[in-house]
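Going letter by letter, the sequence shown gives residues 936 to 1087 in the numbering used here.
Ideal Cβ positions, reconstructed from N, Cα and C, are used throughout, including at glycine.
Read through the structure below, which is laid out as structure tokens, and then see the notes.
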Amino acid sequence: MKESVQLVAFMLDEQRYGLRLSVVERVVRAVEVISLPSAPDIVMGVINLAGQVVPVVNVRRRFRLPEKELGLDDQLIIAKTVGRTVALLVDSASSLVKVSAGDVIHASKILPRIDYIDGVAKLEDGMILIHDLDKFLSLEEERALDAAMTVE
């Protein structure tokens, strides 16, 4: 039996990206984000998710995409990293995608300098960049976020 990889696909500016299903807890509609002073630039702020304070990562900033206002149609992907639960602000979380492990090219072969990309999956209708959430924030950003979250 061929091994497969399950991904949660999401969109930003008409480009499709993916996270491994194993790290995604759920997808929710975007809610008001409360500013978090002294948080790293990539962190928009925090949300209250069923009593849990969760930092919201602005994926657009990491990918150097144009900024946009938080919209009613935007979604938050609630996901787990080794150290914490985070919310990723995306235009939409479009679907669950199942790809053969053989159709995933490891990122070190094509994007060796971008740590937070785990691989690229070839699909019938294009490609999807697979992200490694544990490497999404740099060590400095993790430390700054830890400090900002402790102050609150």
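For residue i, count neighbouring C-beta atoms within 10 Å of its own C-beta (all shown protein chains included) and say buried if the count is 16 or more, exposed if not.
i: Ala1128; result: Residue 1128 cannot be examined here, being either before or after the span of the chain that is shown, 936 to 1087.
i: Arg951; result: buried
i: Asp1008; result: exposed
i: Ile1012; result: buried
i: Glu1087; result: Low confidence applies here, because Glu1087 scores a pLDDT of 46, under 50, leaving its location unreliable; read the following figure in that light. Exposed, because fewer than 16 other Cβ atoms sit within 10 Å of the Cβ of Glu1087.
i: His1041; result: exposed
Looking at the strands, I want to know which residues DSSP matches up with residue i.
i: Phe945; result: Tyr952, Ala1028
i: Gly1061; result: Leu1058
i: Ile1012; result: Val962, Leu1023
Tell me whether residue i sits in a helix, a strand or coil according to DSSP, three-state version.
i: Gly1037; result: helix
i: Ser973; result: coil
If you drop the 5 nearest sequence neighbours on each side, which residues of the same chain put their C-beta closer than 6 Å to that of residue i?
i: Leu1023; result: Val992, Val994, Ile1012
Which residues in the same chain have their Cβ closer than 8 Å to the Cβ of residue i, if we skip the five residues on either side of it in sequence?
i: Gly1061; result: Arg951
For residue i, tell me which candidate among the options has the shortest Cα-Cα distance.
i: Arg1019; options: Ser1027, Pro990, Gly953, Ala985; result: Pro990
Just to confirm my understanding: we take residue i, look at its own chain, exclude 5 residues before and 5 after, and list those with CB closer than 7 Å. What are they?
i: Val966; result: Ile982
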